[in-house]
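Input: a single structure, listed below in structure tokens.
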Amino acid sequence: MLCALSAGPADAAPAGGPHPRVRPPLYVSDYGNNRVVRLPADRSGRTTLPVEGLVRPTGLTWDTAGTLYVSDTGNNRVVKLPRKGGPQSTVPTTGLSRPLGLVTDTAGDLYIADSFNDRVVKVPADGGGQTTVPTTGLLHPWGLALSPHGDLYVSDFVNDRVVKVSTHGGGQTTVPTVGLSQPTGLAVNSAGDLYISDSGNDRVVRVSARGGGQSTVPVTGLDDPLGLALDCGDLYVADGLGNRVVRVRETGGGQVTLPSTGLDTPTGLAFPPTGARPGRY
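Counted from 1, the sequence shown has number 252 at position 197 by the numbering used here; the numbering is strictly sequential.
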């Protein structure tokens, strides 16, 4: 988790009091504007990242080294921006068709929801070549997330479900949910609770890792929620047709629309790992 604490004098807390938390910048794929932007969490302003040639970008993820990956969906590729500010490059893949969600594991391996091929592919960090993750029956997979134990969650958009794929040889299971319609973005917190953008129902649901069942996150006014991101108890939602990003406490309350104008179908959300954001981005 990021949870940065401010040490600057402007944010100094009273003696003996708690340190205020500094929220990190949020990175957003601005689908309709063919760009990726960085939004300061607590003030207005927006920076467009220097990524060339994007067409309908969607999924975003960072690896632990600070490399940013972008699903360039309209070009059927994934591009990466290195931490030290070198030129962008294309991830070596074969046959992608409408790639959407992305996630990286602790080893730096990249997982891609290859939506129109109804599969998830894995690109290892060691350059060993692309493989297909063993799944069954996916139709247009959309979002990806990893559990604290390394299990892979996949939102199966057309089948109105989320599946969990064991990375330890345990096979595929369906996450127990009720009434999902066209699930999209996924996020998992440090306790293992799963958040799902239930886009067809204009809501976000939470599935407890402790057997508490499914609940609806109290977020108002959503219109086609897409990507999700978590930061230290705050849940961020890309409100696709609302052309905004909202923040709410995981436990409910405190809903805020991040100050930004001009977004057109924000889709993917991602925070950089602590200390890894290069100055160029």
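We put the beta carbon where it would ideally sit given N, CA and C, even for glycine.
Short Cβ contact (8 Å threshold) for residue i with residue j
i: GLY247; j: SER202; result: yes
i: ALA120; j: ARG138; result: yes
i: GLY156; j: LEU194; result: no
i: VAL292; j: PRO280; result: yes
i: TYR250; j: LEU207; result: no
i: TYR124; j: VAL133; result: yes
i: VAL106; j: LEU136; result: yes
i: THR190; j: GLN237; result: no
Bounding residues of the beta strand (DSSP E) (the contiguous stretch that carries residue i)
i: ARG111; result: From DSSP, ARG111 is part of no beta strand (DSSP E); its letter is neither H nor E.
i: GLN310; result: Taken as a continuous stretch (DSSP letters only), GLN310 belongs to no beta strand (DSSP E), as it is neither H nor E.
i: GLY3; result: Here the chain has residues from 56 to 336 only, and residue 3 is not among them.
i: LYS139; result: LYS139 -> no beta strand (DSSP E), and no H or E assigned at all.
i: VAL274; result: Careful: VAL274 lies outside any beta strand (DSSP E) and carries neither H nor E.
Spatial distance of residue i from residue j (CA atoms)
i: GLY334; j: GLY267; result: Its pLDDT being 48, under 50, GLY334 is placed unreliably in this model, and the coordinates cannot settle the point.
i: MET56; j: GLY205; result: Unreliable positioning characterises MET56 in this predicted model, as indicated by a pLDDT of 44, which lies under 50. The coordinate reading is nonetheless provided below. Whole-angstrom Cα-Cα distance: 16 Å.
i: GLY129; j: GLU305; result: 33 Å
i: THR329; j: ASP181; result: 23 Å
i: PRO80; j: PRO112; result: 19 Å
i: SER99; j: ASP286; result: 19 Å
i: LEU290; j: LEU283; result: 7 Å
i: LEU151; j: TYR86; result: 18 Å
Cβ neighbour criterion (16 or more within 10 Å) applied to residue i
i: VAL233; result: exposed
i: GLY114; result: buried
i: ASP278; result: exposed
i: GLY308; result: exposed
i: THR159; result: buried
i: PHE326; result: buried
i: ASP253; result: buried
i: THR239; result: buried
i: ASP169; result: buried
i: ARG265; result: exposed
i: ASP350; result: The structure shown does not extend to residue 350, since the chain is modelled only from 56 to 336, so the question has no answer here.
i: ALA68; result: Caution is warranted here: a pLDDT of 38 is assigned to ALA68, below 50, making its placement in the model unreliable, and the coordinate value is therefore given only provisionally. Its Cβ having fewer than 16 others within 10 Å, ALA68 is exposed.
i: PRO196; result: buried
i: THR103; result: exposed
i: ALA65; result: Per-residue confidence for ALA65 stands at a pLDDT of 33, beneath the threshold of 50, marking its modelled position as unreliable; no derived number is given.
i: GLY295; result: buried
i: PRO154; result: buried
i: ARG258; result: buried
### Query
Should the region 126-145 be called in touch with the region 181-189, which here means at least 3 C-beta pairs below 8 Å?
With a cut-off of 8 Å, the region 181-189 and the region 126-145 do not count as touching, because too few Cβ pairs lie within range.
### Query
For the region 290-310 against the region 319-326, are there 3 or more C-beta pairs whose distance is under 8 Å?
Taking a cut-off of 8 Å for Cβ pairs, the region 290-310 and the region 319-326 touch, as three or more such pairs fall below it.
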